[in-house]
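Peer 1:
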Amino acid sequence: MSAQPLLRLFDKFYRVPQADRWRRGGTGLGLSLIKQMVERLQGTIGVTSDAGWTTFTVCFPSRGIQ
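Throughout the sequence shown, residue numbering follows numbering that gives the first Met the number 0, covering 0 to 65 in sequence.
1. For L40, count neighbouring C-beta atoms within 10 Å of its own C-beta (all shown protein chains included) and say buried if the count is 16 or more, exposed if not.
2. By the DSSP assignment, the alpha helix (DSSP H) with G29 in it spans what residues?
3. Pull up the distance between the alpha-carbon of K34 and that of G45, whole angstroms please.
4. Classify L8: buried if its beta carbon has 16 or more other beta carbons within 10 angstroms, exposed otherwise.
5. Do you know offhand how far F59's Cα is from E38's?
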């Protein structure tokens with residue numbers, strides 16, 4: 000995936016243009032909703048793409064063992 004779609008990937012209703020070739024349905028809301036949920040739990044979500052591989056990373060804060 001090129002850098003341009005990565006900038007908009009978490010926008011509501013955004014669909015990556017290349018995804019149309021697989022004829023999958025969807026509204027473009029999934030990743031936007033996931034980002035909102037992660038942020039409400041004080042986490043972060045990120046995405047990287049390289050040579051045909053796209054990786055999503057989700058991190059949540061943790062408390063020390065009590």
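The beta carbon of each residue, even a glycine, is placed where N, CA and C say it ideally should be.
Peer 2: By the coordinates alone:
1. Here L40 is exposed: its Cβ has fewer than 16 other Cβ atoms, across all protein chains shown, within 10 Å.
2. Here the alpha helix (DSSP H) through G29 covers G29 to R39.
3. Taking the straight line joining both Cα atoms gives about 9 Å.
4. Buried is the call here.
5. Between the alpha carbons of F59 and E38 lies a distance of about 9 Å.
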